[in-house]
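Since the structure comes first, as structure tokens, the remarks are kept for the end.
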Amino acid sequence: MRKPHEAPPLAEGRWLYRRLYAFLVSAGLWALLMRTVGRTPPENLPQVADGLMGLLALILVLYLVAPTAQQLVALIANARLRLGGRRL
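Take 1 as the starting number for the sequence shown in UniProt numbering and just add one per residue.
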């Protein structure tokens, strides 16, 4: 339970929004990849597919790293308050 003076958690840290975003973007990129395979001339297909799969990999990495980054920021902010650090 949250204390009254605490701010609500950011949406990025909640599992539902993070998963929805990652799954919807991933599904969209896979659909784009499937359409691209059918429409691209065979000589350009490897470069286009590599780019789309790289974008998909980036989305998945961000999906995995985002909550960790948010937790690190919260940990640093909490440590500053406990150590009596100045506010910037």
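Built from N, CA and C at the ideal position, the CB exists for glycine as well.
Between the region 74-81 and the region 49-58, the count of C-beta pairs closer than 8 Å stays below three; the two stretches do not touch. Between Ser-26 and Leu-60 a beta carbon distance of about 7 Å is seen, short of the 8 Å cut, so the two are scored as contacting.
If you compare the alpha carbons of Met-34, Leu-62 and Arg-35 with that of Phe-23, the shortest gap goes to Leu-62.
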